[in-house]
Structures are given as structure tokens and as C-alpha cells.
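Just so it is clear: in the sequence shown, position 31 is 31 by our numbering, and no numbers are missing. Beta carbons are placed, not taken as given, at the ideal position from N, Cα and C, and that holds for glycine. The structure presented is a predicted model; accordingly, all values stated were derived computationally and were not measured. What follows is a set of notes on a single structure, which appears directly below.
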Amino acid sequence: MSTHINSKESFHIDAMLTQVNGNPVGGKCLNIYLDPETNTRPIATAITRDGTGEIEWYSGDPDDNPSRRGVEPNGNQLEGFRTIRVAYEPTKELPGGCRAETTPLVNGSFQDIEVLVRSKVDILLKNHWSNPLGYQVGDEVAGAVAILRDRLDVSVEGETVIFTFQYWNGTGWETNNVEYAVTNEHGEANFSFIYTGEEVPGELDINAVNGKWRVLIHFQESSFFQEEFLNSTPVIYLGEPLVEQNANFFTFKVLTVIGIALAFAVLIGAIMYRNYNERRRIEIIRGILTDSLMSLKASNDYIQTIFNCYKDLVRFFRSRGAMKKVYETTREFEDAINAMLGGIMPPEDLDTLFSIFEEARYSDHEIGADQRDRAIAALQALINHLSNALGESMLNRTSSNESTLYGSRVKAGEFIDSEGNTRIAGIDEENENDGFSL
């Protein structure tokens with residue numbers, strides 16, 4: 001068996017049971033302990049071979065060790081010296097161990113071996129020092145790594161990490177400097193240096209091609225930890241000069257962002273312009289209807305007022321392209337208005353207004369107050385709907401939402417008696433004649 005094993009990993013035991021005279025003892029059950037001073041129960045058992053008395057036990061074999069557990073931490077002890085015992089105990093019967101023999105022929109014995117338990121480690125990049133745009137001469141390159149125990153993810157404190165700084169000479173990597181750091185309580189180690197670009201500190205005739213550098217990580221081996229390397233680290237290289245970057249401000253990315261912003265601005269402007277035209281059109285129609293309403297209320301020439309309203313509407317909608325023919329019927333004009341306004345003006349109110357126009361144009365009877373009132377009601381309804389479409393609806397206050405500013409008046413000397421009646425002090429409302437007089 002090896003004198004050192006790794007924490008949380010499998011291990012082998014090769015042993016042989018013999019008598020004092022050296023003769024092998026086969027077919028016997030042996031108990032295997034880990035730290036028997038603190039763990040009194042065996043972790044596994046093994047049977048010696050007939051004829052040789054040997055055992056070959058492997059902790060990772062499910063036949064030898066059903067739990068397949070390796071060297072587990074003992075409390076807070078993760079690394080250090082541990083004791084492994086192989087014992088022949090014919091008179092003991094322990095949980096998880098061998099059964100006691102009824103008539104043991106050989107005395108019991110044991111053998112202890114002290115092994116050093118060490119941990120493997122993982123190196124993780126804590127603060128990444130890669131820069132997709134590259135570095136400029138004089139920039140600080142800083143990074144950090146974290147050292148964790150393998151399979152436990154527990155930080156390693158107080159151990160040495162070696163940072164090796166290398167530059168690219170055109171054909172391979174050359175070492176320029178080496179720094180040592182000690183991990184803190186979080187298992188972290190840091191480094192930093194000033195980036196020199198193509199210049200190699202301490203070398204006059206050597207340059208770093210394209211300003212390429214790298215930092216290799218080496219966790220130094222110690223008594224309780226195995227060494228580990230991390231060579232696949234980010235490459236540090238020289239970025240484009242700042243002057244050239246400023247001159248080439250209008251890069252593809254910048255132009256793409258500007259183009260998207262302009263497209264959004266044009267789209268929003270088109271929507272706002274369309275909304276403005278729609279609102280302006282509705283305001284003109286409302287103005288025509290309002291003028292006609294005022295004329296009907298102020299004038300006695302109802303027929304002329306209705307005709308003027310119809311002609312103004314025809315003129316406006318023809319200017320907007322709603323009427324394709326010079327002469328159209330009243331109902332065709334009504335359909336054109338409904339198609340253009342998209343339901344803003346109710347069809348029933350339009351039908352009432354155009355019915356009055358047809359009555360004034362084609363009928364023989366006199367247009368009087370009845371037709372005027374119907375026209376006023378239809379015009380007022382259309383104006384209200386157009387105002388609502390413009391967001392100018394009127395707020396009406398009623399008694400249900402009015403607040404009471406003043407309470408009921410109370411006369412001087414009024415009070416409420418025990419029966420709930422209002423009385424005035426000094427006035428006796430009872431006219432009882434008790435016969436008393438002076």
C-alpha cells in the first residue's frame with residue numbers, strides 16, 4: 001500500500017495473514033479500519049485466500065467495498081496523517097464487520113500503517129483579465145485566481161501560487177518574470193503589472209511580437225497538496241491606437257445604431273403626422289357642422305342653411321378625395337363619408353341629417369320648426385361624437401358628485417330634547433293651564 005493517498009479518492013490494500021511460524025492462514029475475515037482511535041467500526045471486510053492468506057482489497061470495487069467511498073474527511077481534518085488498520089479479530093463481532101468465530105484456532109492480531117492524505121486542487125479564474133479590445137501601453141493588467149480543493153470545493157488558504165509572465169517572440173513563448181503570491185482565507189491570489197506592449201522589460205534587443213503576453217498559473221506543491229498548472233489562460237495583446245479609434249468613430253456598429261434610431265424617428269414622425277392630419281380633418285368637419293348649427297338657431301331660412309351645410313360637406317370631402325364623380329346621389333355621398341371617417345360619425349345621425357336634406361330638396365311641403373329641430377338634434381349629436389373622437393368630451397357635474405359645502409342652518413338657542421324634538425330656549429310650546437297666577 002502507498003504511504004500517501006489523495007482525499008476523496010480510492011485506494012488499494014494488499015495484506016497477508018500468517019501464523020507466528022510464517023504459515024499462511026486462509027479463509028479468515030479481516031476488518032479494515034480508517035482512524036481506529038476515533039472510528040471504532042470497520043469501513044469494510046476482506047476474506048483471506050486459501051493457501052496464501054493474502055487479500056487484495058480496492059475501495060472503488062463494489063464487491064470489496066459496497067459504499068465505494070474513498071478517504072473521507074475526519075471531522076474538520078481534510079488533510080494530514082491518517083491510520084489504516086487491517087485486523088484479524090476472531091472474538092469480536094462489530095456492526096459492518098466480521099462475525100465472531102465460535103472456536104478460534106489462531107489468536108487475533110492487527111497491523112497499522114500511517115499514510116499521508118493529500119488533496120488535489122482546481123484553479124479557477126476569479127477576476128478575468130481578457131480584454132476583447134486589447135490593452136494600451138501603460139494600462140494595468142490585473143487578475144485573480146481561486147484555489148479550491150478538488151471534489152470538495154473548499155478554499156485553500158496559505159499556499160503559494162506562482163504567476164509566470166511570458167511574451168511571444170514570433171515562434172514561441174519566453175518567460176520574462178515570475179511572481180509569487182499566497183492565497184488568502186478565500187483561496188484567492190492576485191497579480192497585476194503595467195502593460196508594456198511590444199517592449200520587454202529588461203531586454204533591449206527583444207520585442208514581444210504584436211504585443212502578445214500571457215500569464216501562466218502554477219499552484220506550488222506542498223506537504224498536504226498536489227501541484228496543479230493552468231496554462232490555458234487569456235492572451236494579452238496590443239489594441240488599436242486611441243487616435244485611430246477616435247478617427248474611425250463611424251464604425252459599422254455605430255452606423256447600425258444610428259440607422260435604427262433614424263428609422264424609429266421616421267416611423268414615429270409618420271405616425272404623428274398621420275394623427276395630425278386625421279385630427280385636422282375632424283376639426284374641419286366639426287367646424288362646418290357647428291356653423292350650420294348656429295345658422296339654424298339664428299336664421300329663419302332653414303332650407304338655405306341645410307343646403308349650405310350639404311354643399312360645404314361635399315366641397316370638403318371632394319378635396320380629400322372621398323368623392324370620385326362630380327355628381328353623386330345623397331346616399332352615395334353618405335356611404336363615402338362613412339368609409340372615410342371609419343365609424344366616428346354614427347350612421348343613424350348621418351341618415352337623419354341627409355333625410356332632412358332630401359326632404360328640403362325634393363318635397364313640396366314647407367320646411368318648418370319640426371324639421372329645424374330634427375336637424376339641430378342631428379347636428380348636435382354629430383358634433384358631440386366628433387368632440388369625443390378628439391378627446392374633448394365635456395365633464396358634467398351633477399348633484400351626485402357635488403360636495404356639501406355648507407350644513408343646515410341652526411338658529412340661536414335651538415337644541416334637541418330627550419325625545420328628539422327641536423326646541424328653542426325660552427319658549428314654552430306647551431299651553432297647559434295649571435291654574436297658577438300671581
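| Item | Value |
| --- | --- |
| N74 beta carbon less than 9 Å from that of L34 | yes |
| Pick from F81, T352, H218, L296 that is closest to F163, judged by C-alpha positions | H218 |
| Limits of the beta strand (DSSP E) - the one that K297 falls within | Element bounds for K297: not the beta strand (DSSP E) but the alpha helix (DSSP H), 252-298. |
| Neighbour-count burial assignment, G211, 16 or more Cβ in a 10 Å radius | buried |
| First and last residue of the uninterrupted beta strand (DSSP E) at Q166 | 160-168 |
| CA nearest to the CA of Q77, picked from N421, E101, R49, T38 | T38 |
| Residues of its chain near N190, where Cβ-Cβ distance is below 6 Å and the 5 sequence neighbours each way are ignored | A144 |
| Contacts around D150, its chain only, beta-carbon distance under 7 Å, and the 5 residues preceding and following it disregarded | S119, K120, V121, D122 |
| Counted within 10 angstroms of its Cβ, other Cβ atoms place P347 as buried (16 or more) or exposed | exposed |
| Cβ separation of A142 and W129, assumed to be a contact under 8 Å, to the nearest whole Å | 6 Å |
| D112 versus T45: straight-line alpha-carbon distance, rounded | 15 Å |
| Sequence-distant residues of the same chain with beta carbon closer than 7 Å to F193, five excluded per side | V141, F165 |
| Cα-Cα separation between S292 and G269, rounded to whole angstroms | 35 Å |
| Burial state of E402 (16 or more Cβ within 10 Å) | In this predicted model, E402 has a pLDDT of only 49, less than 50, meaning its place in the structure is not dependable enough to derive any value. |
| Closest residue to T171 among A208, Y135, V161 (Cα-Cα distance) | A208 |
| Three-state secondary structure assigned by DSSP to E402 | Unreliable positioning characterises E402 in this predicted model, as indicated by a pLDDT of 49, which lies under 50. The coordinate reading is nonetheless provided below. If DSSP states are grouped into helix, strand and coil, E402 belongs with coil. |
| Boundaries of the alpha helix (DSSP H) in which Q371 is found, first to last residue | 369-389 |
| Where K120 sits in the DSSP three-state scheme | coil |
| First and last residue of the uninterrupted beta strand (DSSP E) at H43 | Inspection of the sequence shows that residue 43 is occupied by Ile rather than by His. No beta strand (DSSP E) holds I43; DSSP gives it neither H nor E. |
| Selected residue, minimal CA-CA separation from T305, among N275, R372, G197, R274 | R372 |
| Status (buried if at least 16 other CB within 10 Å, exposed otherwise) for N275 | exposed |
| Secondary structure of K311, DSSP reduced to three states | helix |
| Unbroken beta strand (DSSP E) run spanning L30, endpoints | 29-34 |
| Inter-residue Cα distance where the pair is G27 and E54 | 10 Å |
| Own chain residues within Cβ distance below 7 Å of D153, not counting five before or after | none |
| Candidates W57, E203, V161, L94: closest to F229 by CA position | V161 |
| Range of the contiguous beta strand (DSSP E) that encloses Y58 | 54-58 |
| Proximity winner among M294, I337, L267, relative to R281 (alpha-carbon distances) | I337 |
| heavy atom of the ligand ATP below 8 Å from D312 C-beta | This structure does not include the ligand ATP; it has no bound ligands of any sort. |
| Contact between the segment 47-63 and the segment 9-19 (3+ Cβ pairs under 8 Å) | yes |
| Distance between E114 and T83 (C-alpha atoms, nearest Å) | 5 Å |
| T48, buried or exposed, once every other Cβ within 10 Å from all chains shown has been counted against 16 | buried |
| Alpha-carbon spacing of E199 relative to N6, whole angstroms | 44 Å |
| Rounded straight-line distance, which links the Cα of E157 to that of T102 | 53 Å |
| Proximal residues to S10 (C-beta, below 7 Å), its chain only, five neighbours per side dropped | Y58, S59, G60, G70 |
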